[in-house]
Amino acid sequence: MMATPCSLPLQPMFELIVGPMYAGKTEELIRRLRRAHHAKRHVVLFKPEVDNRCGEDACTSTHNGDRFPAEIKKTAREILAYVLEHDVDVIGIEEVQFFDEEIVEVIHALVYVHRKWVIAAGLNRDYRGKAFGPMARLLQEAFEIYPQHAMCSICGQPAYHSQRIVPAKELVLVGAKDAYEARCTVHFDQDA
193 MMATPCSLPL QPMFELIVGP MYAGKTEELI RRLRRAHHAK RHVVLFKPEV
243 DNRCGEDACT STHNGDRFPA EIKKTAREIL AYVLEHDVDV IGIEEVQFFD
293 EEIVEVIHAL VYVHRKWVIA AGLNRDYRGK AFGPMARLLQ EAFEIYPQHA
343 MCSICGQPAY HSQRIVPAKE LVLVGAKDAY EARCTVHFDQ DA
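Heads up, the final residue of the sequence shown is numbered 384 in my numbering, and it's a clean run with no missing numbers.
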């Protein structure tokens with residue numbers, strides 16, 4: 193007799209979806225979470241408190257308007273506490289680069305100690321072209337890495353950078369088309 197998907201043990205893993213803005217990272221994350229949900233897994237998506245693009249709603253959304261319910265957390269430690277309290281199978285983490293450095297240890301514990309499946313998405317580079325927050329360490333931890341690219345807003349070639357187009361120097365500036373464009377390496381200006 194064949195076992196149902198929810199009775200099979202879950203293989204612990206860590207998948208990381210990376211790329212610049214407008215590359216479809218959130219779309220891919222939501223697609224993977226919906227697939228796990230259809231396989232009757234208990235799925236929860238987390239997003240950082242700083243990402244307020246959905247307003248007061250507890251959700252995440254793509255630039256195309258697709259939405260998915262999300263738990264808003266301030267720290268990585270809060271993710272771990274929620275997962276252990278609610279016995280979650282599959283953990284999605286949106287905008288993972290905005291979480292504190294402890295996110296690396298939390299994901300490691302979720303996978304290796306608590307045997308969970310973690311799928312995270314985030315910007316691998318900041319607006320200066322440098323590794324964004326914990327991303328360099330997360331890239332080393334990931335079992336599978338899914339690089340995404342956008343299309344350059346100037347020439348239409350594959351874009352791997354997020355070009356900030358407003359005069360601001362703070363590292364974290366949450367925004368969309370009003371503040372960033374996707375750029376290829378030729379049209380990316382890291383000194384802008």
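No residue lacks a Cβ here, since even glycine has one placed at the ideal position from N, Cα and C. Source: prediction; values computed, not measured.
Per the C-alpha coordinates, the member of Glu-373, Arg-226 and Val-364 positioned closest to Asp-292 is Val-364. Contact check for Ile-283 against Val-236 passes: the beta carbons are separated by less than 9 Å. Taking the Cα positions, Ala-262 is about 27 Å away from Arg-356.
Put simply, of Gly-321, Lys-239 and Trp-309 the residue whose alpha carbon is nearest the alpha carbon of Arg-233 is Trp-309. Exclusion of the five residues before and after Arg-269 leaves Glu-294 and Val-298 as the residues of its chain whose Cβ lies within less than 7 Å of its Cβ. With respect to the 9 Å criterion, Phe-324 and Gln-289 are classified as neighbours on the basis of their beta carbons. In the three-state DSSP reduction, Glu-373 falls in the strand class (E or B). With fewer than 16 other Cβ atoms inside 10 Å of its own Cβ, Arg-227 counts as exposed. Per DSSP, His-353 is one residue of the beta strand (DSSP E) stretching across 353-356. Closest in alpha carbon position to Leu-331, among His-300, Arg-259, Pro-350 and Ser-345, is His-300. If you compare the alpha carbons of His-278, Asp-279, Ile-285 and Asp-281 with that of Thr-267, the shortest gap goes to Ile-285. Within the segment 284-369, the complete alpha helix (DSSP H) runs of at least 4 residues fall at 295-300 and 327-333. By the CB criterion at 9 Å, Lys-239 and Glu-287 fall inside the cutoff. Residue state for Glu-241 is assigned as coil, using DSSP reduced to three classes.
Approximately 4 Å separates the beta-carbon atoms of Ala-342 and Ala-215; this is inside 8 Å, confirming the contact. Put simply, of Ile-346, Cys-376 and Ile-311 the residue whose alpha carbon is nearest the alpha carbon of Lys-217 is Ile-311. Straight through space, the alpha carbons of Ile-271 and Lys-265 are spaced by roughly 7 Å.
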